[in-house]
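First comes the structure, then the notes that go with it.
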Amino acid sequence: MTNSRRIFFKQSLSCASALSLLAVTSAAQAQSAVLDADPQAMALGYSADGSKTDAKRYPNYVAGRSCGGCVLYQGKPSDSSGSCAVFGNKLVASKGWCSAWTQKA
10 MTNSRRIFFK QSLSCASALS LLAVTSAAQA QSAVLDADPQ AMALGYSADG
60 SKTDAKRYPN YVAGRSCGGC VLYQGKPSDS SGSCAVFGNK LVASKGWCSA
110 WTQKA
């Protein structure tokens, strides 16, 4: 009986440690900001300052549209930044823009 209890506690401790590490890793990833020079950001034409978007290169860009008004943006439009589903929940600037921009309902 003592041996099975010891195994149970060891497994419980291992599981709790793994969950803690996963939570810390997820929180750290969600806190990192997308940089304009990131490969995925460049592929999507992301700019932290949407007003600097090249409208000739991205014809679907409309002045005044920004990440804060996008359905993929997971923050308040008034926040300076929020997480974005396209970038793996990394932080994007509320005033930013990328070609995945989609109007909020």
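Heads up: the sequence shown at position 57 corresponds to 66 in the numbering used here, and the numbers run straight through without jumps. Ideal Cβ positions, reconstructed from N, Cα and C, are used throughout, including at glycine.
CA-to-CA distance, A52 to A46, given in whole angstroms: 10 Å
Residue from G97, Q112 and Y55 with nearest C-alpha to P86: Q112
Neighbourhood of S56 by C-beta distance below 7 Å, restricted to the same chain and skipping five residues each side: D45, T62, G105 and W106
Close-in-space but distant-in-sequence residues of the same chain around S92 (CB under 7 Å, 5 per side omitted): A39, Q83, G84, N98, K99 and L100
Euclidean distance between Cα positions of Y70 and A42: 22 Å
Enclosing beta strand (DSSP E) for A57 [first to last residue]: Careful: A57 lies outside any beta strand (DSSP E) and carries neither H nor E.
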